[in-house]
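Contents: one structure, followed by commentary.
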Amino acid sequence: MSTNLTETPVRASNVPLATAGLLIGMLLSVLDQTVVAIALPDIAADLGDMNAIGWIVTSYVLASTAIGALYGRLSDRFGRRTVFTTAIAVFVAGSALCGPAQTTPQLIAARTLQGVGAGALFVLPTIALSELYPQRLRGKVQGFTGGVFALASVGGPLAGGAITDAWGWRWIFYVNLPLGLLGMALTTFALRLPKAGEDSRVDLPGAVLIAGATVSLLLVAEWGVRTYTWNSGVILALVGAAVLPVALFVWWERRAANPLLPLRLFADPVLRVALPATALLGALLGGSIVYLPTYLQAAYGMGATQAGLALNPYVLTFMAVSSLAGARIGESGRFKPYLIAGSAIVVLAFTLLSRLTPDTPYVVLAAELAVLGVGFGLLMQNLVVIAQNAASPADLAAVTSAVVSVRGLGLSFGVAVFGMLLSRELVNRVATPAVTAAAIPDVLFWDAPAAAALVGLMALLPRTVHRPVAEGPTA
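Take the sequence shown: its letters are residues 361 to 835, numbered as in the numbering used here.
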């Protein structure tokens, strides 16, 4: 087994077992973004401190998003396997501390530790899988990871509800322990990839600056309107705390010996489009899928488990299209038509969803969810693949980390902005199920023009994506 890097590993990877271990880590990272939400009422009843309960979710998202970009360069320096298994160990330790937490601050601290580990668990598998498999199979493999993302995103609340009902909320953290240990064991045994930059220094100043900007931006989205007005001193200070580190980051990256995100990458026409498009796609994902279970519960009187199952039309089409389209595109190398088509389908899906009424039969909603799954399935991981194909081997980790981190930032921002818009729709109104069901389609309306902007970005892509790496052997 060889890779598309210049060195040869001491021993070949066991590709199937390594893939399984990496996907377990990826599954855990996404599940723990969503699995907790359904258990928050039980956690609040047990621990109290209702005013801080939202930070049980927010602390995890902030930590994982802020540190995600650093892990790619760390894995260049210390090796994919070492950094990945260390990150899972941190995630498992955080999970082990979450379970027995006796106060909300203790749980928030443990969730933050979990998030620090989770920051690597989507980024590093995305990098490592692109090295385990030859370039022509990247689309197929990354398409499969997109299916894992969809399954975990929607399955999280379903799993969280089932576990909480059966054993109590603490077990949503305890179940991470055997899964995390299995992922560690598989990757320790099976993953063998060379270090891409063993002698290079890690850009810690750049990582600190981008983490500061990320946290500030997410807090603006989280607190804007719902906690503070946009012209309040807190929000203005946070905006400044986001803008200043970005300016310093650009200044520093021009001078750093081994920059976290080399600015030369933005000279590539593919990456100039892929990064903002990925951020916008993340916002559309977060701003819709997180709140669609709420709509199903409010409009159709479903329970949490029923609502999770009712999203199957979205999940199944997302998984199928992501996998099939990834394989087909990987063979042809013609990404642009699929990405434009996916963006246009997302516009159509949100236009249809914005027209939902209390009388809309579920079968109609199911068809519209399937349309949304098709659109997202064509887009999500294929944006990662075109960015990877445009990167040189030396920049693969930096580019992949940037794309995955930007998507995570967009997703978090989309959740916060959607929540803000929903709060504005419900202001001075009693949030009954009927009122909430009527408000959510009004908010989904704003996703359609955002998706139209995504169509415009896709149109700016070059017709073909430069492939700087020679085709390797089949994994």
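Each residue gets a CB set at the ideal place from its N, CA and C atoms; glycine is no exception.
- Where W529 is concerned, there is no enclosing alpha helix (DSSP H), because DSSP gives it neither an H nor an E.
- One thing to note: I398 has its Cβ no nearer than 8 angstroms to the Cβ of G543.
- For T677, the closest alpha carbon among the candidates A426, V606, A730 is that of A730.
- Collapsing the DSSP output to three states places Y651 in coil.
- Straight-line spacing of the CA atoms in D802 and G668 works out to 22 angstroms.
- Judged by DSSP secondary structure, R471 falls within the alpha helix (DSSP H) whose first and last residues are 464 to 478.
- By the Cβ-count criterion, P619 is buried, with 16 or more other Cβ atoms from all chains shown falling within 10 Å of its own Cβ.
- Spatial neighbours of A426 in its own chain (CB-CB distance under 7 angstroms, excluding positions within 5 residues in sequence) are listed in chain order as A571, T574, V575.
- The Cβ atoms of S435 and R471 do not sit closer than 8 angstroms to each other.
- Per DSSP, L604 is one residue of the alpha helix (DSSP H) stretching across 593 to 613.
- For the 8 angstroms CB-CB criterion, S648 and L537 do not form a contact.
- With respect to the C-alpha of G779, the residue from G507, T587, A510, A378 having the closest C-alpha is T587.
- Secondary structure remark: continuous beta strand (DSSP E) runs of at least 3 residues inside the region 486 to 569: none found.
- Within the same chain, Cβ atoms closer than 6 angstroms to the Cβ of L713 are found at E728, L804, the five residues on either side in sequence being excluded.
- The beta carbon of L656 lies closer than 7 angstroms to those of M662, A667, A670 in the same chain, with the five residues before and after it left out.
- The residues A602, in chain order, have a CB closer than 6 angstroms to that of L577 in the same chain once the five nearest residues on each side in sequence are set aside.
- When rounded, the separation of the alpha-carbon atoms in A680 and Y674 is 10 angstroms.
- R694 has its alpha-carbon roughly 43 angstroms from the corresponding atom of W415.
- Assignment of beta strand (DSSP E) within the region 741 to 794, counting only whole runs of 3 or more residues, yields no such run.
- Contact annotation: the region 814 to 822 touches the region 698 to 713, with at least three C-beta pairs closer than 8 angstroms.
- With respect to G774, G646 sits close: the two C-beta atoms are nearer than 8 angstroms.
- If you check the CB distance, A380 and L546 come in under 8 angstroms.
- Under the DSSP assignment, T720 falls outside any alpha helix (DSSP H); it carries neither an H nor an E label.
- Less than 8 angstroms separates the beta-carbon of G516 from that of Q393.
- Bridge partners of Y660 according to DSSP: none are assigned.
- Excluding its 5 nearest sequence neighbours in each direction, V396 has C-beta neighbours in its own chain below 7 angstroms: I416, V417, G520, I532, listed in chain order.
- When Cβ pairs closer than 8 angstroms are counted between the two stretches, the region 758 to 768 is seen to touch the region 606 to 625, the count reaching three or more.
- If you look at T589, you'll find it isn't in any alpha helix (DSSP H); DSSP assigns it neither H nor E.
- Secondary structure note for D436: its alpha helix (DSSP H) is the uninterrupted segment 415 to 438.
- In this structure, R496 is the residue among R496, R437, F444 with its C-alpha nearest to the C-alpha of I746.
- Residue A567 holds the alpha-carbon nearest to the alpha-carbon of L608 among A808, A567, I800, L641.
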